[in-house]
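**Student:**
Protein chains: 2
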Amino acid sequence: MKSNLYEKKAQIFKALSNPVRLEIIDFLANGEKCVCEIVEKLNYEQPHISKSLIKLKEAGLIKDRKDGLNVYYSLKICCMGDFFNCLNKILESDLKS
Amino acid sequence: MKSNLYEKKAQIFKALSNPVRLEIIDFLANGEKCVCEIVEKLNYEQPHISKSLIKLKEAGLIKDRKDGLNVYYSLKICCMGDFFNCLNKILESDLKS
DNA sequence: ATTATATATTCCAATTATGGCATATATAGT
DNA sequence: ACTATATATGCCATAATTGGAATATATAAT
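This is the structure in structure tokens:
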């Protein structure tokens with residue numbers, strides 16, 4: 002169904018449409034991190050970070066791995082680099098115009 | 002400011018986080034269209050389309066050009082193709098897993 | 001078994017998005 | 001000037017998102 006595809010795409014963009022979640026993705030670009038590391042790095046309550054991670058995971062952007070008490074999250078997307086390079090181009094061209 | 006950059010990026014993603022707006026972008030990929038063409042193509046009220054277009058424009062994703070009574074909108078981003086190819090990869094890998 | 005620690009879930013108030021409807025504005029033609 | 005047409009704006013009810021605070025769950029260590 003075509004409309005479903007647009008819905009699915011919209012969901013991905015929605016997951017990315019929040020500064021905290023974008024910052025998480027940026028941090029995960031350095032490699033797999035556990036929730037506590039992300040909480041420590043960003044300045045938000047742990048429940049908020051947890052919810053953000055779950056939203057990113059539901060969108061298919063990150064994956065998790067449990068190890069003892071810790072849950073490690075990492076990027077699931079190979080092309081995230083291109084993705085964000087494009088975004089930077091948009092932002093640059095926006096500043097010029 | 003770093004936080005501002007995340008905010009700005011989030012705004013772009015927010016503009017893309019809606020099926021109607023994604024469908025508009027898809028349609029504009031075929032080239033410049035006036036509002037009336039977009040209204041005709043998609044099945045939404047004209048005011049809603051107008052508001053969607055303005056949101057996309059504010060995010061810096063499309064631009065407009067006035068000609069008589071008509072306003073023509075077109076994609077402002079060169080790398081939209083890569084952008085959406087990446088998205089499709091995400092969706093495919095999501096279906097597999 | 002008890003305690004400590006990491007993460008997830010629930011609940012909530014405040015804000016923001018959605019999309020329809022009515023209306024306003026702007027331009028073109030007569 | 002008047003009318004028609006294209007687009008934008010304002011208003012509104014409903015729904016979704018945000019992020020904090022409290023609490024629950026799960027695992028590890030003693």
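So the sequences go chain by chain: A and B. The letter at position 91 of the first sequence is residue 92 when you use my numbering, and the numbering goes up by one with no holes. The letter at position 46 of the second sequence is residue 47 when you use my numbering, and the numbering goes up by one with no holes. Where a beta carbon is used, it is the ideal one built from N, C-alpha and C, also for glycine.
1. Specify the secondary structure class of asparagine 44 (chain A) as computed by DSSP and reduced to three states.
2. Below 7 Å CB to CB, which residues in the same chain sit around aspartate 65 (chain B) once its five sequence neighbours on both sides are set aside?
3. Can you list the beta strand (DSSP E) stretches of 3 or more residues lying completely in the region 47-78 of chain B, in chain order?
4. Between histidine 50 (chain B) and isoleucine 39 (chain B), is the Cβ-Cβ spacing less than 7 Å?
5. When the Cα of isoleucine 1 (chain A) is compared with those of A:Asn86, A:Ala11, A:Tyr7 and A:Leu17, which residue comes out closest?
6. Quick one: which chain B residues come within Cβ less than 9 Å of phenylalanine 28 (chain A)?
7. Grouping DSSP H, G and I as helix and E and B as strand, with all else coil, what is lysine 3 (chain A)?
8. What is the rounded straight-line gap between the Cα of glutamine 12 (chain B) and the Cα of lysine 9 (chain A)?
9. Would you please verify whether the beta carbon of methionine 2 (chain B) is less than 7 Å from any beta carbon of chain A?
10. Within the chosen definition, does the region 79-88 of chain A reach the region 80-91 of chain B through at least 3 CB pairs nearer than 8 Å?
11. For lysine 3 (chain A), count neighbouring Cβ atoms within 10 angstroms of its own Cβ and tell me buried if that reaches 16, exposed if not.
12. Once the 5 residues before and after lysine 77 (chain B) are set aside, which same chain residues still bring their CB inside 7 Å of it?
13. With DSSP as the reference, label cysteine 80 (chain A) as helix, strand or coil.
14. Indicate whether at least one CB of chain B lies closer than 7 Å to the CB of asparagine 31 (chain A).
15. Does the CB of lysine 58 (chain A) have a neighbour CB from chain B at under 7 Å?
16. Could you check how far apart the C-beta atoms of leucine 110 (chain A) and tyrosine 7 (chain B) are, in whole angstroms? I think they sit under 8 Å.
17. When you compare the CB positions of isoleucine 25 (chain A) and serine 53 (chain A), do they come within less than 7 Å of one another, or not?
**Tutor:** From the atom records:
1. coil
2. Hits under 7 Å: Lys58, Val72, Tyr73 and Tyr74.
3. 63-68 and 71-76
4. Going by the sequence as given, residue 50 (chain B) is isoleucine instead of histidine. Contact: yes.
5. The requested residue 1 (chain A) does not occur in the structure, where chain A is confined to residues 2 to 98.
6. What phenylalanine 28 (chain A) touches in chain B: nothing, since even the nearest Cβ is about 11 Å away.
7. Low confidence applies to lysine 3 (chain A): its pLDDT is 46, below 50, so where it sits in the model is not reliable, and the reading given next is rough at best. DSSP places lysine 3 (chain A) within a helical segment (H, G or I) once states are collapsed to three.
8. Taking C-alpha positions only, glutamine 12 (chain B) is separated from lysine 9 (chain A) by approximately 19 Å.
9. Confidence in methionine 2 (chain B) is poor, its pLDDT being 39 and thus under 50, which makes the residue's placement too unreliable to answer from.
10. yes
11. With a pLDDT of 46 at lysine 3 (chain A), under the threshold of 50, the modelled position of this residue cannot be trusted; read the value that follows with caution. Exposed, since its Cβ has fewer than 16 Cβ neighbours within 10 Å.
12. Gly61, Leu62, Ile63 and Lys64
13. coil
14. no
15. For lysine 58 (chain A), no CB of chain B lies under 7 Å from its own CB, so it is not counted at the interface with that chain.
16. A question about residue 110 (chain A) goes unanswered here, because the residues of chain A that appear run from 2 up to 98.
17. Contact: yes.
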